[in-house]
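Undergrad:
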Amino acid sequence: MATVLALSPVQMGGEVKVYFSKGDGIPGKVVAVTRKAPDRGVARFAIGQLIAGPTKAEHGKGLHSELTGRLRGPSDCGADFKLKIKDGTATLRFCRTVWGGGVGSDARALHTISATLKQFRSVKKVISLNKDGRCLFDETDAGTSCLTGHE
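In the numbering used here, the protein residues as written are 21 to 171.
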């Protein structure tokens with residue numbers, strides 16, 4: 021069985037990895053599981069699977085997603101999120117409100133997003149934004165820590 025490495029969010033399908041949390045460390049251990057991706061949009065598919073969470077069997081092995089059940093309210097883009105990959109940077113903007121679960125949970129969520137997107141050769145940096153375009157879970161006045169490299 022061949023593994024297809026994705027070069028963009030719209031490359032042809034194959035197997036894709038989704039990185040779930042295991043345990044409660046900060047930022048925590050991540051474990052990859054394999055999913056069969058559709059013919060197109062493999063990076064988007066992987067993030068969608070991260071939001072959906074692990075299967076019952078995977079959950080039984082201690083895997084969890086800090087994003088499952090945390091998206092609330094209406095979407096401002098017609099989906100849960102938008103994803104753009106350009107010049108080595110994946111920018112993920114959630115189109116619904118993402119409720120944080122505390123410092124540890126938030127760190128694990130960001131860690132799994134980054135690990136899931138960095139499996140793609142074209143992604144060197146990940147920026148995760150909330151519905152308002154601020155860095156996800158950044159409660160500072162500026163809300164720009166993910167843009168300055170101080171994540």
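The beta carbon of each residue, even a glycine, is placed where N, CA and C say it ideally should be.
Can you check DSSP and say which residues form a bridge with V38?
TA: V38 is bridged to V53.
Undergrad: Alpha carbon to alpha carbon, what distance is there between T111 and G120?
TA: Between G120 and T111, the C-alpha separation is close to 19 Å.
Undergrad: Which value, in whole angstroms, describes the spacing of the CA atoms of G82 and F40?
TA: So the two alpha carbons sit approximately 9 Å from each other.
Undergrad: Grab me the residues of R90's own chain with a C-beta within less than 6 Å of its C-beta, minus the 5 sequence neighbours each way, in chain order.
TA: For R90, where only same-chain residues beyond five positions count, the Cβ hits under 6 Å are V118 and W119.
Undergrad: Following the continuous alpha helix (DSSP H) through K76, name the residue where it begins and the one where it ends.
TA: That run of the alpha helix (DSSP H) goes K76 to G80.
Undergrad: Please report the straight-line C-alpha distance between T168 and D107, rounded to a whole angstrom.
TA: Whole-angstrom Cα-Cα distance: 16 Å.
Undergrad: Grouping DSSP H, G and I as helix and E and B as strand, with all else coil, what is C97?
TA: Reduced to three states, the DSSP call for C97 is coil.
Undergrad: In the DSSP assignment, what residue or residues form a beta bridge with C155?
TA: DSSP output for C155 lists L149 as bridge partner(s).
Undergrad: How would you write the range of the beta strand (DSSP E) that T109 sits in, first residue to last?
TA: Run containing T109: T109 to F114, per the beta strand (DSSP E) assignment.
Undergrad: Where A154 and S165 are concerned, what is the direct C-alpha to C-alpha distance, given to the nearest angstrom?
TA: With the sequence shown as reference, residue 154 is identified as Arg, and Ala is not the correct amino acid for it. Rounded to the nearest angstrom, the two C-alpha atoms are 9 Å apart.
Undergrad: Which residue or residues does DSSP assign as beta-bridge partners of G138?
TA: Note that residue 138 is Lys in the sequence shown, not Gly. For K138, which the question treats as bridged, DSSP gives no partner whatsoever.
Undergrad: In or out: R60 buried (at least 16 other Cβ within 10 Å) or exposed?
TA: With fewer than 16 other Cβ atoms within 10 Å, it is exposed.
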